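Take the sequence shown: its letters are residues 1 to 66, numbered as in the UniProt record's numbering. Working notes, beginning with the structure itself.
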Amino acid sequence: MLRPIEHGQVLHRAMLGLPPKYHSRLKQGGRTLAILQGDSQQEADDRAQRLADVLLPDGDGVIEPA
Numbered sequence: 001m002l003r004p005i006e007h008g009q010v011l012h013r014a015m016l017g018l019p020p021k022y023h024s025r026l027k028q029g030g031r032t033l034a035i036l037q038g039d040s041q042q043e044a045d046d047r048a049q050r051l052a053d054v055l056l057p058d059g060d061g062v063i064e065p066a
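And the structure:
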């Protein structure tokens with residue numbers, strides 16, 4: 001569910017005719033390490049995976065839509 005500020009950003013981009021942005025959350029042990037943005041969900045997931053590969057070489061990070 002979108003928080004009010006996130007909903008406002010979606011409306012603002014729509015009013016300007018801009019495409020939506022997608023976000024992925026990189027978590028480890030239940031804590032959010034980073035939220036990454038992309039023009040598609042796949043791009044956001046890829047960015048999160050690249051960051052996870054660098055920060056968490058043991059592979060214990062979780063990537064989920066934000």
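Backbone N, C-alpha and C define an ideal beta-carbon position, used for all residues, glycine too. All figures in this text were calculated on a predicted structure; none of them were measured in a lab.
- Distance between Leu-55 and Ala-44, taken at the CA atoms: about 16 Å.
- Counting along the chain, the unbroken alpha helix (DSSP H) around Ala-44 starts and ends at 41-55.
- Classified as exposed, Ser-40 has fewer than 16 neighbouring CB atoms from the shown chains inside 10 Å of its CB.
- In the DSSP assignment, Lys-27 forms a beta bridge with Thr-32 and Val-62.
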